[in-house]
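Asker: The structure that follows is given in the form of structure tokens.
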Amino acid sequence: MDNIPVTKEYLNWNGDHVSFEPQGSRLCLIFLSLYCLRCVDLLPHIGDIVTKQSMDTRFVLLVDGDYETNKEMVEYFNWKMPVVQVESQEMGTQFAVYETPTVQIYSADGIRISSGIADEAKDVHFYLERARLEGGVL
Numbered sequence: 000m001d002n003i004p005v006t007k008e009y010l011n012w013n014g015d016h017v018s019f020e021p022q023g024s025r026l027c028l029i030f031l032s033l034y035c036l037r038c039v040d041l042l043p044h045i046g047d048i049v050t051k052q053s054m055d056t057r058f059v060l061l062v063d064g065d066y067e068t069n070k071e072m073v074e075y076f077n078w079k080m081p082v083v084q085v086e087s088q089e090m091g092t093q094f095a096v097y098e099t100p101t102v103q104i105y106s107a108d109g110i111r112i113s114s115g116i117a118d119e120a121k122d123v124h125f126y127l128e129r130a131r132l133e134g135g136v137l
């Protein structure tokens, strides 16, 4: 499995630095494009996913929207997790993500333990459960 491949600093929609470093819990990265119908359909379900899974998992959304659009989404959906602007090309070069919506889950040690395409909320839950079964439990 791979380590978290972050080689640059990313900012939350509000300008705060977003850490991808291990912090004693799993990390779930959700990659979305606002030009992808499946991604847009997933947006209203993100809050429920985080609520059900946040006991042992940190979430970060990486979206190809600009900062203003990301801010509007955060306010509209009342999200508490970081929402980072990442260009589609950068998703590929920095994270090896070439299709959205994609989920990558990293252990508390920063090792990728599960990943895949997540067209629906049940897919995200599947990858999180697979991560638990493959040693992602704290």
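Note that numbering that gives the first Met the number 0 gives residue 52 to position 53 of the sequence shown, counting from 1, and the numbers run on in steps of one.
Every residue, glycine too, gets a C-beta built ideally from N, C-alpha and C.
Predicted model only: the values in this text are computed from it and were never measured.
Within the continuous alpha helix (DSSP H) that includes Cys35, where are the two ends?
Answerer: Per DSSP, Cys35 belongs to no alpha helix (DSSP H) and is neither H nor E.
Asker: Let me confirm a value: Gln22 is counted as buried when at least 16 other C-beta atoms fall within 10 Å, else exposed. Which label applies?
Answerer: exposed
Asker: Determine the direct distance from the alpha carbon of Lys121 to that of Thr101, and round the result to whole angstroms.
Answerer: If you take the alpha carbons of Thr101 and Lys121, they lie about 13 Å apart.
Asker: Would you mind sorting Tyr126 into buried or exposed? The rule is 16 or more other CB atoms within 10 Å of its CB.
Answerer: buried
Asker: Put Phe19 into one of helix, strand or coil per three-state DSSP.
Answerer: coil
Asker: With a CB to CB cut of under 7 Å and the five nearest residues on each side skipped, what residues in its chain are close to Val17?
Answerer: Tyr9, Leu10, Asn11, Val59, Pro81, Val83
Asker: Provide the residue span of the beta strand (DSSP E) that contains Val102, from first to last.
Answerer: Residue range 101-105 is occupied by the beta strand (DSSP E) that includes Val102.
Asker: Once DSSP output is grouped into helix, strand and coil, what is the label at Val82?
Answerer: strand
Asker: Could you give the distance in angstroms between the alpha-carbon of Met0 and the alpha-carbon of Met54?
Answerer: Confidence in Met0 is poor, its pLDDT being 49 and thus under 50, which makes the residue's placement unreliable; the coordinate value appears in the next sentence. Met0 and Met54: Cα-Cα distance of roughly 24 Å.
Asker: Compare the beta carbon distance of Gln103 and Leu33 with 8 Å and say whether it is the shorter of the two.
Answerer: Contact: no.
Asker: Check whether the Cβ atoms of Val62 and Leu31 lie closer than 8 Å to each other.
Answerer: Yes, the pair counts as a contact, with Cβ atoms nearer than the cut-off.
Asker: Could you give the C-beta distance for Ile45 and Phe76, rounded to a whole number, given that I count them as a contact under 8 Å?
Answerer: 7 Å
Asker: Going by the CB atoms, is the gap between Asn13 and Gly109 shorter than 8 Å?
Answerer: no
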